[in-house]
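Working notes for the structure below.
Protein chains: 2
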Amino acid sequence: MPDQRPYAALLAKGEDRRQRILTATQRLVTRHGWRGITLGQIAREAGVSPAGLLHHFESKEQLLHAALDARDTYDDTQVDRSADIVDQLQRVANRFREAPELVGMFGVLLMENLDPAAPLHDRLTGRYRAARESVAEKIREGQRAGIYRTDLDPAVKAVEIVAFITGMETAWLLDPSIPLAEVFREYTGSLVRELSLPHDRR
Amino acid sequence: MPDQRPYAALLAKGEDRRQRILTATQRLVTRHGWRGITLGQIAREAGVSPAGLLHHFESKEQLLHAALDARDTYDDTQVDRSADIVDQLQRVANRFREAPELVGMFGVLLMENLDPAAPLHDRLTGRYRAARESVAEKIREGQRAGIYRTDLDPAVKAVEIVAFITGMETAWLLDPSIPLAEVFREYTGSLVRELSLPHDRR
DNA sequence: ACTGACCTAATTTACGTTCAGTAGGTTGGT
DNA sequence: ACCAACCTACTGAACGTAAATTAGGTCAGT
């Protein structure tokens, strides 16, 4: 299993260390936020010295971007353009359990970068908007297909849905013992009833 | 208008400065988070030197608590035990416009204090839980009064509702131009339909 | 004399980053 | 077969700076 050539083993070791630094970063950022942690803490958790960490990443900020890149990549692999809203929401719920740090990191960083001048503001808000737009588009599709009511604004409902998701993320980060599955099931259920049924209202 | 007695005017000036420091703190914390700002920034915004600020508040942490106290007080005055869920949700929506910094500060600090060992963790999560419990209790009341369905778990629905609220807070901090009123109206509408109507389902 | 509201100028600490060096492995030329 | 130049993966110590806090002083009013 270990490569016979020592140089390859060396490279593998480096790559492994790099990976450890990234996951340590994700874990710590999720718990304490970016400004709440130091290179020293990350380094310790990854088993290196602060200087050793900077051998792999040129700066604290660049490390953050690398950690976010990993999250975005994971996130993109999870997206299924063909799935409907119910499936997509279910998928979101699953991600909480599967990759807690990756899910958590986004929300934490978002709140840390609310200011338009904040270093990650554009990157994060871009993702946020994209998610909302994608949900709105799903609703429009349903409307065009004739299975959803057409008397409600997809953009408005999309804001609600994304707010629910991010709010659940917060709730779960605060207390992982909440009945995640039930809440998602309940919400998606009422959402579908709301979207589908033709109602009589003034 | 200014008191004829200069000493009273002096005290009033101090109180005014104290107030300015608090509102500056709330504003800056909402935008940049607690760890994202310095005493110097707050002081500058309030028109004092850092040392001058510490004449009014003994430490950065104590200032934070004082700012939170102001928020909690405001929040408590807004709560109306007799109002039903729809009214309460409407009230929440109004608060966004009325006191943006007070509303925003809570969510930002919450994400900055996820860790159980974080200085404000207990204080903030306590408030969060209380809000959720209060919502759940409202639902139970409705159930006992016979106006709400009894086949759903108030605790589960309460998690959803509070998640929606905090999620909306995030969305609005990110982009205040979202159709806040419409989203709240839409959501409360579907919520009431969901809670009230007896449905046929297996 | 004493208090409240400040100020300027230290002091202290923490943290990101840089620097110089070590240990081991590889490569290409002779 | 050997050596010089270069690579990766680090470490320990030092540097620079930013930021919270403190010390000591000023000035106006009572």
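So the protein lines, in turn, are chains A and B.
Per this note's numbering, the first sequence starts with residue 2, numbered consecutively.
Per this note's numbering, the second sequence starts with residue 2, numbered consecutively.
Ideal placement from N, C-alpha and C gives every residue a C-beta, glycine not left out.
Bear in mind that the values here come from a model prediction, so they are computed numbers and not experimental data.
Close Cβ partners of residue i (< 6 Å) along its chain, the five nearest in sequence each way excluded
| i | result |
| --- | --- |
| B/P117 | none |
| A/N114 | L121, H122, L125 |
C-alpha gap between residue i and residue j, whole angstroms
| i | j | result |
| --- | --- | --- |
| B/P155 | A/S60 | 48 Å |
| B/G105 | A/V93 | 25 Å |
| A/M2 | A/D73 | A caution first: A/M2 carries a pLDDT of 40, below 50, which makes its placement in the model too unreliable to give a value. |
| A/P120 | A/G127 | 13 Å |
| A/K14 | A/R133 | 40 Å |
| B/T151 | B/K139 | 13 Å |
| B/L90 | B/F185 | 8 Å |
| A/R18 | A/G37 | 22 Å |
| B/R194 | A/P180 | 23 Å |
| B/A172 | A/T167 | 9 Å |
| A/S135 | B/T189 | 23 Å |
| B/P101 | B/E170 | 10 Å |
| A/D4 | A/Q20 | With a pLDDT of 44 at A/D4, under the threshold of 50, the modelled position of this residue cannot be trusted, and the question is left open. |
| A/H56 | B/E46 | 40 Å |
Collapsed DSSP secondary structure at residue i in the structure displayed
| i | result |
| --- | --- |
| B/E59 | coil |
| B/P177 | coil |
| A/D70 | helix |
| B/V49 | coil |
| A/P3 | The predicted position of A/P3 is uncertain, since its pLDDT is 42 and thus under 50; no value can be drawn from it. |
| A/V80 | coil |
| B/R36 | coil |
| A/I148 | coil |
| B/D17 | helix |
| B/L125 | helix |
| A/D88 | helix |
Residues of its chain near residue i, where Cβ-Cβ distance is below 8 Å and the 5 sequence neighbours each way are ignored
| i | result |
| --- | --- |
| B/L174 | T31, G105, G108, V109 |
| A/D88 | D81 |
| B/A44 | I22, S50, P51, G53, L54 |
| A/L103 | Q27, A71, R72, Y75, D76, R96 |
| B/G41 | P51 |
Chain A contact for residue i (CB, 8 Å cutoff)
| i | result |
| --- | --- |
| B/E187 | yes |
| B/F97 | no |
| B/K158 | yes |
| B/G143 | no |
| B/S197 | no |
| B/D17 | no |
| B/V193 | no |
| B/G127 | no |
| B/M112 | yes |
| B/T167 | yes |
| B/G28 | Looking at the sequence itself, residue 28 of chain B is Arg, so the reference to Gly does not match. It does not; no Cβ of chain A falls within 8 Å. |
Proximity test, Cβ basis, 8 Å: residue i and chain B
| i | result |
| --- | --- |
| A/K139 | no |
| A/T39 | no |
| A/T151 | no |
| A/P180 | yes |
| A/T171 | yes |
| A/V116 | Reading off the sequence shown, one finds Asp at residue 116 of chain A, where the question assumed Val. Yes, its Cβ sits closer than 8 Å to a Cβ of chain B. |
| A/A164 | yes |
| A/E102 | no |
Residue nearest to residue i in terms of C-alpha spacing, selected from the options
| i | options | result |
| --- | --- | --- |
| A/Y75 | A/S83, A/F58, A/F97, A/V157 | A/F97 |
| B/T26 | B/L111, B/A68, B/R36, B/K139 | B/A68 |
| A/W35 | A/M112, A/L90, A/T167 | A/M112 |
| A/R130 | A/P177, A/E142, A/V160 | A/V160 |
| A/L64 | A/T78, A/P101, A/A100, A/T24 | A/T24 |
| B/K158 | A/L153, A/E138, A/L192, A/V157 | A/L192 |
| A/A84 | A/S178, A/G143, A/V163, A/D176 | A/G143 |
| A/F58 | A/E16, A/I86, A/E99 | A/E16 |
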